[in-house]
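Reading through the structure tokens given below for one structure.
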Amino acid sequence: MEINVEEFDRVAREVFAPVYPVIAEQIKQKTGITRGTCLDIGCGGGYLGIALAGITELFIYLFDKSPEMLEIATRNIAGHGLQKRARTLLGDVHEIPLKDQSVDLVISRGSIFFWENQQKAFQEIYRVLAPKGAAFIGGGFGNAELKKLIDARMGQKDRNWQERINKNIGENAVETFVKTLGIAGISKFEINRGEAGLWITIWK
């Protein structure tokens, strides 16, 4: 799927900006992981990983398959003075270029809906997770108030916005993810679906 990188980043900065700090705090509270190595899958401009770096001591890999997106992420790393705390990593979620059990925390907001083979991607995520590591993956808007604001703005830009959101994080999505995780051989997980989004937490 081809995307306009500059437009994608502009929307991330202008529309979704308030979401990242809220989700970063939710990740911290849910997983309790504040040290070690974090992999932000489908990072785009790196906004979620950078927000998490600001409230933890984690080293962040900003991971994306788009070199253009990683150029933006590199600029954002420098802009936040995180050159010693973060770096970009080019690759695909279906073949993560990291060693087994090398990552303490995996995060991803929004990319799961674009994975061509979710089963394979989950298996790769589980492979790179260290013992007692966790993953926090899904799609969400932080809280109901932020979702309402974003829905209003994105609905003006994209008439199919609400339909896509309902498909991605609607009631049927939970059953689909439970089945996919089971086939992937992952048993220790939790799926939380609320009015602000859907998140899968995996423990190892």
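Here the UniProt record's numbering is used: position 140 in the sequence shown is 140, and no number is missing along the way. Cβ atoms here follow ideal geometry from the backbone N, Cα and C, with glycine treated the same way. Remember, predicted model here, so these are calculated numbers, not experimental data.
{"query": "Which of the three DSSP states, helix, strand or coil, is assigned to Val103?", "result": "strand"}
{"query": "Going by CA-CA distance only, name the one from Phe177, Ala53, Glu145, Asp64 that's closest to Glu95.", "result": "Asp64"}
{"query": "Using DSSP with H/G/I as helix, E/B as strand and the rest coil, what is Asp92?", "result": "strand"}
{"query": "Counting Cβ pairs, one atom from each stretch, are 3 or more of them under 8 Å apart for the region 175-190 and the region 54-68?", "result": "no"}
{"query": "Beta-carbon within less than 7 Å of Ile27's beta-carbon, same chain only, minus the 5 sequence neighbours each way: which residues are those?", "result": "Leu52, Ile107, Phe136"}
{"query": "Specify the secondary structure class of Ala130 as computed by DSSP and reduced to three states.", "result": "strand"}
{"query": "Does the region 125-143 come close enough to the region 13-25 to have 3 or more Cβ pairs within less than 8 Å?", "result": "yes"}
{"query": "Whole angstroms is fine: what's the gap from Pro97's alpha carbon to Gly91's?", "result": "7 Å"}
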